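There are 2 protein chains.
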Amino acid sequence: MKESHEQQTRPAGLEGDPIQFEVMTEIGIINQLADNLFQNQLPKGMTVAQFSVLNHLLRLDTQETISQLANAMQVAQPTMSSTVRKLEDKGFVALVHEPDDRRIRRVCVTAAGAAVRKEAIASLTPMAETLRREIPDQLWYDILPQLHQIRVILDGLRP
Amino acid sequence: MKESHEQQTRPAGLEGDPIQFEVMTEIGIINQLADNLFQNQLPKGMTVAQFSVLNHLLRLDTQETISQLANAMQVAQPTMSSTVRKLEDKGFVALVHEPDDRRIRRVCVTAAGAAVRKEAIASLTPMAETLRREIPDQLWYDILPQLHQIRVILDGLRP
DNA sequence: CATTTAAACATAGATATCTATATATAAGAC
DNA sequence: GTCTTATATATAGATATCTATGTTTAAATG
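Spelled out as structure tokens, the structure:
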């Protein structure tokens, strides 16, 4: 994914679509671009999904279950099981059985996991600076509440 | 992906992150929610990626190459090759060799493809109505230009 | 015209994601 | 105390996505 730097005036293939679809298309493209940029900055082997889990656990300084993590990241439980296993394979987290309830396995970040998260955050700094330079903070602050509102509505529409 | 209807006041795990990251997290969640809602409304077997290709070609009434489609959808070429093959397997598109340049295969929507796209659009109408009812059009119009600006900047940052 | 470069596409291998379903354990009902 | 139901994960199978690389054909170069 690297060609097509020619700027499109609107999302391809959606000329005349309802405004809601146009916004969703724009959001989809932004998400994809950001994800790829983000990914390319991360240390070798570290993915956005994996980084997000480490960051979540370390920032909140907690040891959550797989279901809790799936909930927090808004992904399906098997998705989180898979991501957690990747982290476990690399030694970045340890899965600890809960003594009281043997169904539960708590995800605990290891020292290696904390180190790689720190490294990842350092790698991301230049990109964050570039973004701050290119787009005024005010624009980001302006749209956040409206995006949040859209998100809450969409969340409520889920079956 | 269906639990977690409890409303979060901010993206989990990013408390205190820079505003840019908060917006990106919100965009990521919206994208995921919208994609899933969208997907669930589509006819059995039809995916968002596949629908997008059919919709693009039929709306513009063109027969593009795989590379052109990848470009329009902003995905990598092998991704589009895969999606097009799925559509071909189902008989929704036909791949026609260009006589002048035998490297090129144009993607042509079949009658069955046009029919299934029509059906898909009909399936999506109720959701579009709900969105229009829940969120004022003005909100969508307000954020579109700002999202577009963000997208253009991100596109320019690509390696 | 032969060789090299470029373009279009295919293939391989990996991760993330979903749905559907199975398994193991805990909690409730009787 | 069984039996049933609910919860927490795991497994299976599918699509979408990426990067890296191979193959085929066209174009450019000499």
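Those protein sequence lines, which keep their order, are chains U and Y.
Numbered per the numbering used here, the first sequence finishes at 190, counting up by one with no gaps.
Numbered per the numbering used here, the second sequence finishes at 190, counting up by one with no gaps.
For glycine and all other residues, C-beta sits at the position ideal for the given N, C-alpha and C.
Because the structure is a prediction, the values reported are computed rather than measured.
With contacts defined as CB atoms closer than 9 Å, residue 60/U and residue 63/Y fail to qualify as a contacting pair. For the pair residue 134/U and residue 94/U, the Cα-to-Cα distance works out to about 15 Å.
For the pair residue 145/U and residue 89/U, the CB atoms are nearer than the 9 Å cut-off.
In this structure, the straight-line span from the alpha carbon of residue 102/Y to that of residue 50/U is close to 22 Å.
Of all residues in the region 145-172 of chain Y, only 155, 158, 159, 161, 162, 163, 165, 166, 168, 170, 171 and 172 come within less than 9 Å of chain U when Cβ atoms are compared, listed by chain position. Neighbourhood of residue 179/Y in chain U, by CB distance below 7 Å: 57, in chain order. Pairing residue 160/Y with residue 172/U, the inter-Cα distance amounts to about 28 Å. Rounded to the nearest angstrom, the gap between the Cα atoms of residue 108/U and residue 86/Y is 32 Å. Note that the C-beta distance between residue 169/Y and residue 174/U is not below 9 Å.
Close partners of residue 188/U in chain Y (Cβ separation under 7 Å): 68 and 161.
Residue 96/Y and residue 129/U have their alpha carbons spaced roughly 54 Å apart.
Using a Cβ-Cβ cut-off of 9 Å, residue 54/U counts as an interface residue toward chain Y, since at least one Cβ of chain Y sits closer than that to its own.
Listed along chain Y, the residues sitting closer than 7 Å to residue 60/U by beta-carbon distance are 105 and 182. Chain-ordered listing is empty here: chain U has no CB closer than 7 Å to the CB of residue 74/Y, the nearest sitting near 17 Å. Taking the Cα positions, residue 150/U is about 35 Å away from residue 132/U. With at least 16 other beta carbons inside 10 angstroms of its own, residue 67/Y counts as buried. Residue 127/Y carries a strand assignment under DSSP once its states are collapsed to helix, strand and coil.
Neighbours of residue 50/U across chain Y, judged by C-beta separation under 8 Å: 168, 171, 172 and 175. For a Cβ distance threshold of 7 Å, residue set 61, 64, 65 and 68 of chain Y lies close to residue 185/U, ordered along the chain. According to the DSSP assignment, residue 182/Y belongs to the alpha helix (DSSP H) that extends over 168-188. The three-state secondary structure of residue 96/Y, taken from DSSP, is strand. For residue 115/Y, the enclosing alpha helix (DSSP H) starts and ends at 108-120. For residue 164/U, the enclosing alpha helix (DSSP H) stretches over residues 142-165.
The region 59-98 of chain U contains, as complete alpha helix (DSSP H) runs of 4+ residues, the segments 79-91 (chain order). By the Cβ neighbour-count rule, residue 113/Y is exposed, with fewer than 16 other Cβ atoms within 10 Å of its own.
Separation of the CB atoms of residue 158/U and residue 72/U is rounded to 5 Å, and the pair is thereby assigned contact status at 8 Å. The Cβ-Cβ distance between residue 58/U and residue 162/Y does not fall below 9 Å.
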